[in-house]
Amino acid sequence: MSPSIIKAIWRYRGFILGSVKREFEARYRNSLLGAAWTILQPLAMITVYTVVFSELMRTRLPGMGSPYAYSTFLCAGLLTWGLFSEILQRGQSVFIENGNIIKKLNFPRICLPAITVLNALINFCIAFAIFLAFLLVTRNFPGWIALYAVPILIVQVAFAIGLSVIAGVLNVFFRDVGQFVGILLQFWFWFTPIVYSTATLPQSARTLIRMNPMTPLAQAYQGIFLYKQTPIWRDIWPVALLAVALCGLGLFLFRRHAGDMVDEL
Amino acid sequence: MGAIQIKGLGKAYKQYPSQWARLAEWIVPFGAQRHQKHWVLQDINFEVKAGEAVGIVGSNGAGKSTLLKLITGTVRPTAGEVVLHGRVAAMLELGMGFHPDFTGRQNAIMGGQLLGLSLETINNLMPAIEAFAEIGDYIDQPVRTYSSGMQMRLAFSVATVQRPDILIVDEALSVGDTYFQHKSFDRIRTFRKEGTTLLIVSHDRYAIQTVCDRAILLEAGHVKMEGPPIDVLDYYHAMMAERDHYKIRQLALADGRVATISGTGEVYITDAQLLDESNQPVKSVKVGQDLNLVVSIKARVDLPRVVLGFMITDRLGHCIYGINTHRLEQPLENMVAGEEATYCFRFPARLGKGSYSLSLSLSRFDSHLDKNFEWRDNALMFHVFNTKREDFVGSSWLDAKVDITRQPMHE
Chain H
1 MSPSIIKAIW
11 RYRGFILGSV
21 KREFEARYRN
31 SLLGAAWTIL
41 QPLAMITVYT
51 VVFSELMRTR
61 LPGMGSPYAY
71 STFLCAGLLT
81 WGLFSEILQR
91 GQSVFIENGN
101 IIKKLNFPRI
111 CLPAITVLNA
121 LINFCIAFAI
131 FLAFLLVTRN
141 FPGWIALYAV
151 PILIVQVAFA
161 IGLSVIAGVL
171 NVFFRDVGQF
181 VGILLQFWFW
191 FTPIVYSTAT
201 LPQSARTLIR
211 MNPMTPLAQA
221 YQGIFLYKQT
231 PIWRDIWPVA
241 LLAVALCGLG
251 LFLFRRHAGD
261 MVDEL
Chain S
1 MGAIQIKGLG
11 KAYKQYPSQW
21 ARLAEWIVPF
31 GAQRHQKHWV
41 LQDINFEVKA
51 GEAVGIVGSN
61 GAGKSTLLKL
71 ITGTVRPTAG
81 EVVLHGRVAA
91 MLELGMGFHP
101 DFTGRQNAIM
111 GGQLLGLSLE
121 TINNLMPAIE
131 AFAEIGDYID
141 QPVRTYSSGM
151 QMRLAFSVAT
161 VQRPDILIVD
171 EALSVGDTYF
181 QHKSFDRIRT
191 FRKEGTTLLI
201 VSHDRYAIQT
211 VCDRAILLEA
221 GHVKMEGPPI
231 DVLDYYHAMM
241 AERDHYKIRQ
251 LALADGRVAT
261 ISGTGEVYIT
271 DAQLLDESNQ
281 PVKSVKVGQD
291 LNLVVSIKAR
301 VDLPRVVLGF
311 MITDRLGHCI
321 YGINTHRLEQ
331 PLENMVAGEE
341 ATYCFRFPAR
351 LGKGSYSLSL
361 SLSRFDSHLD
371 KNFEWRDNAL
381 MFHVFNTKRE
391 DFVGSSWLDA
401 KVDITRQPMH
411 E
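So the protein lines, in turn, are chains H and S.
Position 91 (the first sequence) corresponds to 91 in UniProt numbering; numbering is contiguous.
Position 410 (the second sequence) corresponds to 410 in UniProt numbering; numbering is contiguous.
What follows is the structure in structure tokens.
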């Protein structure tokens, strides 16, 4: 990241944090339960998966006897995928949605993706805290090894930021990008071992899925929270490098076209 | 603090024949340029000194709003540069980019933060913002429930809660009701006195004339004219009146004012005089004195209908009185080429002390916007003195009388 962008974000931190807070509040305005919904949603998701897959369908993962194993497996992948897809989905439209203020006020445009990312992170943290609580209650908490999730998360968020800034800038000029991102995310989700395990796949599909940069990340989370394994770092490094490269490309595109953006909004 | 320098400023929008051409230009390295530049502003040079108030006028699409956006930095220039000294507050269009789902208060805070104020400062200023906007309990309602006038009130209150070094206002004020317009102009005037530089775009002649020291006329992306507001506005006025074949002349008058003459000239004014009761030309008029305005005209071509009008304006350009022969129901019909006519308007000078200017117009109907044969700003000037009547203030002599009834005191 270049110093000028960091400086801009720091100088407008009040606006960024204020916007994050306001967006959070606005979402639950006119609702009776308010912020409780942030907790209820992931709670409902975990409950449904546990009941449906573990109790009703009696889905078992190979080699795991625990009734909670499959829902742990699912949540580890699904919640983190949710973070990734929210950053990308909201990021690709952030400049278009805020065209109103971009056209009227002069402020560093980079604040807008920063707000999106922070918002997604907050939602994720709440949901993930529920998940961790669930693990604690069902006595499946992996212990200190859970901290290994932090570097994986950093890589994933960087990956998402890079992609979302690229998509966000391109989308202003080519509105096809926004449509494309929606489709891409659907395919990508099923192309990533989140609801299934690669162990159940034929060899040919396994090699193909290993090419997907999201695969080692999803597997790392599942490894940490289900199998209590340290991540396989040599699988993570290439993704980290790719994330840095995407962030660089995003920054380049942003720098080059941020000025022209207002002409297209 | 507060100076604005604009050097060689220009803005062009890129126009691509298709989205594919744009894609090609982005992707193909060292490829040819595939866009055409559509210039909306070109070669703009001017300077605004600290504390000066400048109005920008021009017809729709002349580039006024783009110019302000370039100055505030929301739009990036294609050529040239803008140098600003000091803190800028801008009101471009309506609402300052308010978010419809957030409350007025939240939006005010957000707006303040975007102006570079800290949360603490904004919270301290919040009572002042609320008091000035006068929108009552609506401050805690989502902005989508606001009327456009209420949005404007809030936006203006936020933008001007602290005196900026430079205030930029685009049209926005015309949305508010008369009460708020007056209130906001009072605030602008106060800022002016305290040294704020003002740049304002408006179609409101009154606003520009009373607030600005100087006006700039933009026409098709270029600076067409720059000078005292009254002269520029007269010129603009004349320009707007009719766009086809006609000439605009400006004559410098002895007292430094400028007389603008415009029109097609199909019928024109040959002579105009202001005469007293004994038909002697007057420059100094006594309050209440009977005056004769004698105007001679001559037609160059055959004309079905001709209307002569006059308007008296005070020193600041405010209209005091105006009438024409259309409204008096005495239009001249079927003038033939070469025909001459002389008008004599009689009226008492029920005016207050001061200097006045008289403008004349020759048109077909009521408005010179329909057909402008001749428009002559500042055709005649005169002063009104008060030597005989009781002293009074204001521009109209209403000749008030008074009856007083005293109530007897009771024990």
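We put the beta carbon where it would ideally sit given N, CA and C, even for glycine.
Keep in mind it's a predicted model, so treat the numbers as computed, not measured.
Taking 9 Å as the threshold, the shortest C-beta distance from Ser-19(H) to chain S falls below it.
Comparing alpha carbon positions, the residue from Ile-44(S), Trp-39(S), Leu-233(S) closest to Cys-212(S) is Leu-233(S). Here DSSP, grouped into helix, strand and coil, assigns Met-211(H) to coil. Taking all protein chains shown into account, Lys-104(H) has 16 or more neighbouring C-beta atoms within 10 Å of its C-beta and is therefore buried. Contact note: Ile-39(H) does not reach chain S at a C-beta cutoff of 9 Å; the least C-beta distance is about 22 Å. In this model, Val-137(H) and Ile-27(S) are separated by some 54 Å (Cα to Cα). Not flagged as an interface residue toward chain H: Val-83(S), since no C-beta distance is shorter than 9 Å. By the beta-carbon neighbour count (other beta carbons within 10 angstroms, threshold 16), Gly-91(H) is buried. For Ser-118(S), the chain H residues whose C-beta falls within less than 7 Å of its own C-beta are Gly-14, listed in chain order.
Chain order gives the chain H residues near Asp-101(S) as Ala-26, where near means a beta carbon separation below 7 Å.
By the criterion of at least three beta-carbon pairs nearer than 8 Å, the region 65-73 of chain S is in contact with the region 186-205 of chain S. The alpha carbon of Gly-111(S) has as its nearest neighbour, out of Ile-269(S), Ala-128(S), Phe-156(S), the alpha carbon of Phe-156(S). Per DSSP, reduced to three states, the secondary structure at Glu-130(S) is helical. Membership of Cys-247(H) in any beta strand (DSSP E) is not indicated; the residue belongs instead to the alpha helix (DSSP H) covering 233-264.
Spatial neighbours of Tyr-68(H) in its own chain (CB-CB distance under 7 Å, excluding positions within 5 residues in sequence) are listed in chain order as Thr-50, Ser-54, Thr-138, Asn-140. The C-alpha of Val-267(S) lies about 55 Å from the C-alpha of Phe-173(H). For Val-161(S), same chain residues with a beta-carbon under 7 Å away, outside a window of 5 residues either side, are Leu-125, Ala-128, Ile-129 in chain order.
DSSP, reduced to helix, strand and coil, places Glu-226(S) within a strand of the structure shown.
Annotation: the continuous beta strand (DSSP E) that includes Thr-197(S) extends over 197-201.
Between the region 155-162 of chain H and the region 107-122 of chain H, the count of Cβ pairs shorter than 8 Å is three or higher; the stretches touch. Contact between Ala-379(S) and Ala-259(S) holds: their C-beta atoms lie close to 7 Å from each other, under 8 Å. Secondary structure note for Arg-214(S): its beta strand (DSSP E) is the uninterrupted segment 214-219.
In the DSSP secondary-structure assignment, Cys-319(S) is bridged to Thr-313(S). With a threshold of 9 Å between beta carbons, Ile-101(H) makes contact with chain S. Apart from the 5 residues on each side of it in sequence, Leu-43(H) sits with its Cβ closer than 7 Å to the Cβ of Ile-130 in its chain, given in chain order.
DSSP places Pro-281(S) within a strand segment (E or B) once states are collapsed to three. Contact between Ile-6(H) and Ala-114(H) is absent: CB atoms are separated by about 10 Å, not below the 8 Å threshold. Along the region 11-46 of chain S, the beta strand (DSSP E) does not occur as any fully enclosed run of 3 or more residues.
Under the 10 Å beta carbon count, Trp-375(S) is surrounded by 16 or more other beta carbons and is classified as buried.
Pairing Gly-178(H) with Ile-96(H) gives a Cβ-Cβ distance under 9 Å.
For Ile-183(H), the enclosing alpha helix (DSSP H) stretches over residues 176-191.
Straight-line measurement puts the Cα of Val-262(H) at about 16 Å from the Cα of Trp-39(S). Around the beta carbon of Leu-241(H), fewer than 16 other beta carbons sit within 10 angstroms, so the residue counts as exposed. The three-state secondary structure of Tyr-49(H), taken from DSSP, is helix. In this model, Val-20(H) and Ile-312(S) are separated by some 58 Å (Cα to Cα). Below the 9 Å Cβ cutoff, chain S contributes no neighbours of Phe-73(H), its closest Cβ being approximately 38 Å away.
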